[in-house]
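K.L.:
Before we start, here is the structure in question, set down as structure tokens.
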Amino acid sequence: MGKKGKKKKAVDPAVLAQQQADELEEQKKKQMQIQARDLRERCEREEKDFHQFLMEREKINYFWIVEKKTLTEKQADLRNKEREYQDLEERQQIELKMFQQRLKHLRYHQQDEVVEVKNEAELTLKLQEDHHRITEAEIKKDKRSLKVEMKEAEVAQEDFIRMLKLEQDQTILELRQEFDRKARNAHLLFLCLAAEATEACRQSWERRGKRRKRSIQLCWRNSRPMNWRNRRRSRCRSRHATCVRGANERRRIFISS
């Protein structure tokens, strides 16, 4: 068997009660310290609020004194303005009466001027109507004379145009007759030239035919190639065309002259 554990010492009840009393005392002390700190902070806040309240009261008193003084000054200014307003109103009433009297006088004077101007306007209007009536009669007379002159001018212009047309027709007829005469002459000349050209070409063809026959005979005799014949034929045709162009050119020159 092993050894048994040591036994706990017995606690004295008086010592335990003393410890508990000390702990309670310590807790009360801490609570009182906390309460004291809270009370001190509250006192400081109340003192601060009290000082701020005093400052606000002094500021309000100062503002009240200033505003009261300002109110007194404004009331004095208001009384002065009221007196000035009354003076101005009285002066305005006097001036209004003066203006009314002056306006009444001006109305009478205006009525006299209106009547005078109206009479002058009526007289001027009557004179202008007489002048316009005379001017209108003169204008109508001038208008009638202008119409007569315009009619005469139109008749003269129609006669002149008719005469110009007759002269133009006569000139056109003469030009047409002259053109027909030149055309006939040109046609006759062309026929003559064409006949001459035809006769010359015929004679040329006859001479060329004779020469061609002789050349053919010579070709047969000498066994010459046939291309020589073709070349002779083309040369004859070109000469005939040259003769015709010459005749046409002479005809054109004659017509243009």
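Numbering (my numbering), first residue to last: 616 to 872.
Cβ coordinates follow ideal geometry from the N, Cα and C atoms, glycine included.
Predicted model, so just to flag it, every value in this text is computed and none were measured.
#1: Could you name each continuous beta strand (DSSP E) segment of 3 residues or more that falls completely within the stretch 660-707, going from the start of the chain to the end?
#2: Use the C-beta contact count for A798: other C-beta atoms within 10 angstroms, 16 or more gives buried, fewer gives exposed.
#3: Buried or exposed for A812, please, with buried defined as at least 16 other CB atoms from any protein chain shown within 10 angstroms of its CB.
#4: Return the chain-ordered list of same chain residues with a C-beta closer than 8 Å to the C-beta of N734, the five sequence neighbours on each side being excluded.
P.N.:
Here's the rundown:
#1: Segments of the beta strand (DSSP E) lying fully in the stretch 660-707: there are none.
#2: exposed
#3: buried
#4: none
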